[in-house]
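What follows is a set of notes on a single structure, which appears directly below.
Residue numbers (UniProt numbering): 1 to 204.
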């Protein structure tokens, strides 16, 4: 009788322990799922903020190629934020005259000519030819310090990139913009390197 009672008690005890472990496991699983959902929601909100800032900040104005229509140039969103098209020839203008007069002109809205030479809108997509290999630190250096490719020892960003205005964004906003750009469709497009002024190229 005592053995049977002892066996029954042992079974009940083991049952309670198993139930406790099962309940604990389910509680932990639910907590993990809730944390994951919260993280996913936070990431979604960050990407939405980044996308909104990219639009209202005018990034597409220079970094998205245009298509000419009967209503003028319109954004070619099939190449969104991919920068100046690699195969497009340089602006066909009298650079020397423009530089001497201190003018700034553009033909494609992705390439600009002025006293600084020729600047081309960069590829901002997640492709390696864009910012696919950038770190968040690179992005902050580019925007906060105006450094090309976010390299501290690099040259300054050229006009018309308004980095000095964008630099007033908060850290949270810059992180959101970077997160969004890293989530964009990768578009392979090697943007031509900037060209110095004609006078500098001539060694004057």
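No residue lacks a Cβ here, since even glycine has one placed at the ideal position from N, Cα and C. The structure displayed is predicted, hence computed values, not measured ones.
Here residue 55 is exposed, its C-beta having fewer than 16 other C-beta atoms within 10 Å. In the DSSP assignment, residue 75 falls within the unbroken beta strand (DSSP E) covering 72-75. Excluding the 5 residues flanking it on each side, residue 176 has same chain C-beta neighbours closer than 8 Å at 46, 47, 49, 50, 53, in chain order. Annotation for residue 183: the continuous alpha helix (DSSP H) segment containing it runs 171-183. By alpha-carbon distance to residue 59, the top candidate from 145, 99, 121, 188 is 121. In terms of CA proximity to residue 183, 126 leads the group 135, 75, 88, 126. A distance of 8 Å or more separates the beta carbons of residue 81 and residue 108. Under the three-state reduction of DSSP output, residue 105 falls in the strand class. Residue 69 is bridged by DSSP to 72.
Taking 8 Å as the cut-off, the Cβ atoms of residue 167 and residue 143 count as close.
Burial of residue 99 is indicated by the presence of at least 16 other C-beta atoms within 10 angstroms of its C-beta.
In this structure, the straight-line span from the alpha carbon of residue 43 to that of residue 37 is close to 10 Å. As computed with DSSP, residue 48 is found in no beta bridge at all. With a threshold of 16 other beta carbon atoms within 10 Å, residue 95 meets it and is buried. In this structure, 164 is the residue among 136, 164, 133 with its C-alpha nearest to the C-alpha of residue 145. In this structure, DSSP gives residue 163 a helical state, which the three-state scheme calls helix.
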